[in-house]
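Colleague: Let me begin by handing over the structure; questions about it come next.
There are 2 protein chains.
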Amino acid sequence: MSKSFRIGIAGLGTVGVGVVKIIQKNADLLEQRCGRPIEIICVSARSKDKDRGVDLSAYEWVDNTEDMAGIDGIDAVVELVGGSEGVAYSLTKQALENGVHVVTANKALVANHGYELASLAEGRDVSLSYEAAVAGGIPVIKALREGFAANRISSIYGILNGTCNYILTDMRETGAEFEDSLVEAQEKGYAEADPSFDIDGVDAGHKICLLASIAFGVKPEFSAVRMTGIRRITGIDIKFAGELGYKLKLLGIARDQGGKLNISVEPCLVPNSSPLAAIEDVYNAVFINGDFVDTPLLTGRGAGEGPTASAVVADIIDLARGFKVPTFGIPADKLKDPVFIDQGEILARYYLRLSVVDQPGVIADVSAILRDYNISIESMVQHGRAPGQAVSVVMTTHKTKYIDIESSCVLIAELETLLDFPCVMRLEDEL
Amino acid sequence: MSKSFRIGIAGLGTVGVGVVKIIQKNADLLEQRCGRPIEIICVSARSKDKDRGVDLSAYEWVDNTEDMAGIDGIDAVVELVGGSEGVAYSLTKQALENGVHVVTANKALVANHGYELASLAEGRDVSLSYEAAVAGGIPVIKALREGFAANRISSIYGILNGTCNYILTDMRETGAEFEDSLVEAQEKGYAEADPSFDIDGVDAGHKICLLASIAFGVKPEFSAVRMTGIRRITGIDIKFAGELGYKLKLLGIARDQGGKLNISVEPCLVPNSSPLAAIEDVYNAVFINGDFVDTPLLTGRGAGEGPTASAVVADIIDLARGFKVPTFGIPADKLKDPVFIDQGEILARYYLRLSVVDQPGVIADVSAILRDYNISIESMVQHGRAPGQAVSVVMTTHKTKYIDIESSCVLIAELETLLDFPCVMRLEDEL
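In order, the protein sequence lines correspond to chains A and B. Counted the way my numbering counts, the first sequence spans residues 1 to 431. Counted the way my numbering counts, the second sequence spans residues 432 to 862.
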């Protein structure tokens, strides 16, 4: 029998425990598939005594997590501590420096330090693997780096955050407002007590940053990802979107527009006929556009013990089989600095919702401003009448530059009849 | 610069030409991603002089295709000749024997000779790669062998034949009958002049046979795959299915029922709410059930020049990167002989359509027979009345063994009021 592949697991939260369960339950399968056993030699976490529902007695307990990088004979450190700095960062760096592979589910770590860590890993001929960092149950890192590697990728659109997708689905299905659906998500365990990372788009931002790096061969530059979350979305938006034939989805977008990149996270209107519109609840999906493969769509659970641990173990299997690909698909020293498109230059159709006082002349004023910026209105909806009261008016535009929408909204907001700054969202018709 | 990865392309039909196009157009990308250039050194096809729209002048022309296996310095033969026997088989065998990798899009070859060829490849430490053989634009072989390799797979359901899916979609959308939709598919280039391989389920049978081998670690045994095509499906079935909340899809099914395998291709009723129901036209999809990853769904184009060639080149990239996995995910000598479930023992819900003379007592007679086999009726639909004339009656059953459905249908068919043998199809509610 071949030598076992020896790993240490740092962090025994949901995912860490899931990894232990898989390696215990499917040991025979894994051995056949890898041609050698996968052996957990050590584990580490904050509390040694906590009952985690799995038997850890056969594994060495490492008191100081960072020491795992120096354990004798370890082939890979599985970093599940989390956070972009602190122990996660120092453990990963130390392991790679020691010539030990690192498998991680830590999107923040790789989005923030990916270039440095990739360079380090490749210099030591080891791997920094992170399939679990993006859409756990969907092997999208593998698909992009390997399955679609024959293609020049022009765009990626992803539903990458299950919490937001759950909230948006719940709002549409029940007519609830954002705050109520958030509470519902928290009660079901789909949202954290402090949900900001999810609902402000940061989590999806880390993920699309990583996918963009692989797709376009650029250094990950998380600070340049423009992120808009879903806090400002109201039941009215969901309803109007539905009437116009769309669903609201928080999309991670990575698009090559004439050699310049648009990498963002924002709520968008997606046509009901789009396969992305059918992705509901906590499910994730990634829609890829390649020059030969056309438009595959991969869907599955984005989080949770089983799917995320499954992705971690898939990375371990690759390493045990002796396979490694550069972190971002091409050698780190070949990664280019990303050139971003100016936000104002982004061409898209837009959805505008205006809160206005219902009185004659409002639409004429708004239309005149839009006309002055060469923005054509594609459709307009207003429900009922409430003379002198607040009403919502929704417009969709033809394709236009963001700078024109933004400038016109500044002027529209100054109209006396406007009660709030217009709500602007992208319409993604081509999905 | 590293040594190039040298390939020969045998067969210059649609896919072969697509492979040449990718390697020419995306040469720079491929070189970065592989760490070395991919170099076509020779090509071969029936006619040397045909204009294929790509420049082949730089490549050696091999007159006798089988000689490609012996070309000096070749790293991989790309077999795109097709057919399970003849040149495809002898070329593949000879190349593997010579220690040359083989990349193929040939599902018939691998489904029929996979075990022998895998053993040969592994004995020579080379790879038999066939990502393009199943659902071209979907990296499903890679997903099963690698991405989901941490999981024990319990079932796979695939829409694996674009021709059939196009025909069934067209029948539903236009109300056309099978023959008309087939002609439409032929006119659009989605069906061959002789469409039997597609519409009789043989093509999907090859594919599900391969997926089952990987999923369950068994030798491919194509002759044991039970295949039912779509020829007998009528507009009435499509209509009734719709009324009951289902769509008709030709599914490749690979299911582990208590340690015994059910591997088949058959038209099934899939609930409208299932993500598989949303896969229309020529698109393919594969729905996988794993013990940790849950139920990912991969969709994309199943055929065509670009997607299939993209899959072929993905295999080439893996090899150029130095990665190979055993043909069926575990070493050939570890593959088990599949143990199949007896067809009669398959538990499922069923759809029954009866052509009967509309006269009192028909339903009573049918119901009595079903009752005698312990089959409960879940719903029944009959439209309008036509006393003394032919009408269609549709029933759906609760879960029952196939043997009971089959036996009762034999008796039902003997009723005087029956005009034809009942049409029986599986209801796949759990998708």
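Note that beta-carbon positions come from the ideal geometry of N, C-alpha and C, so glycine has one too. Note that the structure is a prediction, hence the values are computed from the model and not measured.
Taking 9 Å as the threshold (beta carbon to beta carbon), is Asp482 (chain B) in contact with chain A?
Modeller: The count along the second sequence starts at 1 and reaches residue 482 (chain B) at position 51. So, not an interface residue.
Colleague: Note down, in chain order, every chain A residue with its Cβ under 7 Å from the Cβ of Arg732 (chain B).
Modeller: As a first step, residue 732 (chain B) is located in the second sequence; it is residue number 301 there, counting from the start. Ordered by position in chain A, the residues that pass the 7 Å Cβ test against Arg732 (chain B) are Asp294.
Colleague: In the structure shown, what three-state DSSP assignment does Gln94 (chain A) receive?
Modeller: Counted from its first residue, the first sequence places residue 94 (chain A) at position 94. Here Gln94 (chain A) sits in helix by DSSP.
Colleague: Can you find at least 3 beta carbon pairs, one from the segment 736-743 of chain B and one from the segment 564-572 of chain B, that sit closer than 8 Å?
Modeller: yes
Colleague: Using three-state DSSP, classify Gln32 (chain A) as helix, strand or coil.
Modeller: Walking along the first sequence from the start, residue 32 (chain A) turns up at place 32. Three-state result, Gln32 (chain A): helix.
Colleague: Give a yes or no on whether the minimum CB-CB distance between Gly545 (chain B) and chain A is below 9 Å.
Modeller: Locating residue 545 (chain B) in the second sequence gives position 114, counting from the first residue. No - not a single Cβ of chain A is within 9 Å of the one on Gly545 (chain B).
Colleague: I'd like to know if Asn432 (chain A) contacts chain B, where contact means its C-beta is closer than 9 Å to some C-beta of that chain.
Modeller: Any answer about residue 432 (chain A) is impossible in this case: the structure gives chain A only from 1 up to 431.
Colleague: Return the CA-CA distance between Ile288 (chain A) and Ile156 (chain A), expressed in angstroms with no decimal places.
Modeller: Sequence index remark: in the first sequence, residue 288 (chain A) carries index 288 (1-based). Sequence index remark: in the first sequence, residue 156 (chain A) carries index 156 (1-based). For Ile288 (chain A) and Ile156 (chain A), the distance between alpha carbons rounds to 5 Å.
Colleague: Give the secondary structure of Pro769 (chain B) by DSSP, where H, G and I count as helix, E and B as strand, and everything else as coil.
Modeller: Within the second sequence, residue 769 (chain B) is the residue found at index 338, counting from 1. Residue state, collapsed to three classes: coil.
Colleague: Buried or exposed: where does His814 (chain B) fall if 16 or more other Cβ atoms within 10 Å of its Cβ makes it buried?
Modeller: Translated into the one-based positions of the second sequence, residue 814 (chain B) becomes position 383. Per the 10 Å Cβ criterion, exposed.
Colleague: Got a sec: is the Cβ-Cβ distance from Asp318 (chain A) to anything in chain B below 9 Å?
Modeller: Here residue 318 (chain A) is taken as the residue at index 318 of the first sequence, counted from 1. For Asp318 (chain A), the answer is yes, since a Cβ of chain B falls inside 9 Å of its Cβ.
Colleague: Would the beta-carbon of Phe759 (chain B) fall within 9 Å of that of Arg321 (chain A)?
Modeller: On the second sequence, position 328 is the one that residue 759 (chain B) refers to. On the first sequence, position 321 is the one that residue 321 (chain A) refers to. The answer is no: Cβ separation not under 9 Å.
Colleague: Please name the residue, chosen from B:Val701, B:Leu700, B:Gly683 and B:Ser704, that lies closest to Ile694 (chain B) on a Cα-to-Cα basis.
Modeller: On the second sequence, position 263 is the one that residue 694 (chain B) refers to. The candidate whose alpha carbon is nearest that of Ile694 (chain B) is B:Gly683.
Colleague: Listing by chain order, which chain A residues have their CB less than 9 Å from the CB of Val403 (chain B)?
Modeller: The structure shown does not extend to residue 403 (chain B), since chain B is modelled only from 432 to 862, so the question has no answer here.
Colleague: According to DSSP, Pro863 (chain B) sits in a beta bridge with which residue or residues?
Modeller: Outside the displayed range of chain B (432 to 862) lies residue 863 (chain B), so it cannot be described from this structure.
Colleague: Scan the segment 29-44 of chain A for residues whose Cβ lies nearer than 9 Å to a Cβ of chain B and list them as they occur along the chain.
Modeller: Leu29, Leu30, Gln32, Arg33, Cys34 and Gly35
Colleague: Rounded to a whole number of angstroms, what is the C-alpha to C-alpha distance between Ile530 (chain B) and Phe222 (chain A)?
Modeller: Locating residue 530 (chain B) in the second sequence gives position 99, counting from the first residue. Locating residue 222 (chain A) in the first sequence gives position 222, counting from the first residue. The question names Ile, yet the displayed sequence has Gly at residue 530 (chain B). So the alpha carbons of these two residues sit roughly 45 Å apart.
Colleague: Residues of chain A with CB closer than 7 Å to the CB of Ile569 (chain B), please, in chain order.
Modeller: Locating residue 569 (chain B) in the second sequence gives position 138, counting from the first residue. Under the 7 Å cutoff, chain A gives Pro296.
Colleague: Among all the DSSP beta bridges, which residues are the ones paired with Cys473 (chain B)?
Modeller: On the second sequence, residue 473 (chain B) is found 42 positions in, with the first residue counted as 1. In DSSP, Cys473 (chain B) forms a bridge with B:Gly439 and B:Glu491.
Colleague: Kindly indicate the opening and closing residues of the alpha helix (DSSP H) around Thr739 (chain B).
Modeller: Taking the second sequence and counting its residues from 1, the one referred to as residue 739 (chain B) is at position 308. Taken as a continuous stretch (DSSP letters only), the alpha helix (DSSP H) holding Thr739 (chain B) covers Glu736 to Ala751.
Colleague: Is there a Cβ from chain B that is less than 9 Å from the Cβ of Val325 (chain A)?
Modeller: Position 325 of the first sequence, counted from the start, is the residue given in the question as residue 325 (chain A). Interface residue (Cβ-Cβ distance to chain B less than 9 Å): Val325 (chain A) is classified as such.
Colleague: Distance check for Val102 (chain A) and Glu122 (chain A), CA to CA, integer angstroms please.
Modeller: For this step, residue 122 (chain A) is matched to residue 122 along the first sequence. For this step, residue 102 (chain A) is matched to residue 102 along the first sequence. Looking at the two C-alpha atoms, the distance is approximately 12 Å.
Colleague: Please go through the same chain and pick out, in chain order, the residues whose beta-carbon is closer than 6 Å to the beta-carbon of Ser213 (chain A), but skip the five residues on each side of it.
Modeller: Residue mapping note: residue 213 (chain A) aligns to position 213 of the first sequence, counting from 1. Answer for Ser213 (chain A): Pro220 and Phe328, listed in chain order.
Colleague: So, is the C-beta of Ala10 (chain A) closer than 9 Å to a C-beta in chain B?
Modeller: If you number the first sequence from 1, residue 10 (chain A) lands on position 10. Not an interface residue.
Colleague: Taking just the CA atoms, how far does Val110 (chain A) sit from Asn582 (chain B)?
Modeller: The residue you call residue 582 (chain B) lines up with position 151 of the second sequence. The residue you call residue 110 (chain A) lines up with position 110 of the first sequence. Just so you know, the alpha carbons of Asn582 (chain B) and Val110 (chain A) end up roughly 26 Å apart.
Colleague: In three-state terms, what does DSSP make of Phe287 (chain A)?
Modeller: Here residue 287 (chain A) is taken as the residue at index 287 of the first sequence, counted from 1. Note: Phe287 (chain A) maps to strand in three-state DSSP.
Colleague: Run through the segment 534-575 of chain B for me and flag every whole alpha helix (DSSP H) of 4 or more residues, listed as ranges in chain order.
Modeller: Those alpha helix (DSSP H) runs which fall completely within the segment 534-575 of chain B and span 4+ residues are 538-554.
Colleague: What does a CB cutoff of less than 8 Å around Trp61 (chain A) pick up in its chain, not counting 5 residues either side in sequence?
Modeller: On the first sequence, residue 61 (chain A) is found 61 positions in, with the first residue counted as 1. Same-chain partners within the cutoff: Cys42, Val43, Ser44 and Lys48.
Colleague: Please state the DSSP three-state secondary structure of Leu370 (chain A).
Modeller: For the purposes of this step, residue 370 (chain A) is taken as the residue at position 370 of the first sequence. In the structure shown, Leu370 (chain A) falls within a helical segment according to DSSP collapsed to helix, strand and coil.
Colleague: When you compare only the Cα positions, how much space is there between Met811 (chain B) and Gly302 (chain A)?
Modeller: In the second sequence, the residue the question calls residue 811 (chain B) occupies position 380. In the first sequence, the residue the question calls residue 302 (chain A) occupies position 302. When rounded, the distance between both Cα atoms is 40 Å.
Colleague: Select from B:Gly666, B:Leu728, B:Phe771 and B:Leu675 the residue whose C-alpha is nearest the C-alpha of Phe647 (chain B).
Modeller: Your numbering for residue 647 (chain B) matches position 216 in the second sequence. Here the closest residue by C-alpha is B:Phe771.
Colleague: From this set, B:Glu604, B:Arg780 and B:Ile748, which residue's C-alpha is nearest Tyr833 (chain B)'s C-alpha?
Modeller: In the second sequence, the residue the question calls residue 833 (chain B) occupies position 402. Measuring C-alpha to C-alpha distances from Tyr833 (chain B) to each of B:Glu604, B:Arg780 and B:Ile748 identifies B:Arg780 as the nearest.
Colleague: Under DSSP, the beta strand (DSSP E) around Met395 (chain A) begins and ends at which residues?
Modeller: Working through the first sequence from its first residue, we reach residue 395 (chain A) at position 395. Counting along the chain, the unbroken beta strand (DSSP E) around Met395 (chain A) starts and ends at Ala390 to Thr397.
Colleague: Which two residues bound the contiguous alpha helix (DSSP H) that contains Arg603 (chain B)?
Modeller: Numbered from its first residue, the second sequence carries residue 603 (chain B) at position 172. Residues Gly593 to Thr605.
Colleague: Between Leu858 (chain B) and Tyr677 (chain B), is the Cβ-Cβ spacing less than 9 Å?
Modeller: Reading the second sequence from its first residue, position 427 is the one you call residue 858 (chain B). Reading the second sequence from its first residue, position 246 is the one you call residue 677 (chain B). Result yes, Cβ atoms of Leu858 (chain B) and Tyr677 (chain B) sit closer than 9 Å.
Colleague: With a 10 Å radius around its C-beta and 16 neighbouring C-beta atoms as the bar for buried, classify Glu610 (chain B) as buried or exposed.
Modeller: Taking the second sequence and counting its residues from 1, the one referred to as residue 610 (chain B) is at position 179. Exposed, since its Cβ has fewer than 16 Cβ neighbours within 10 Å.
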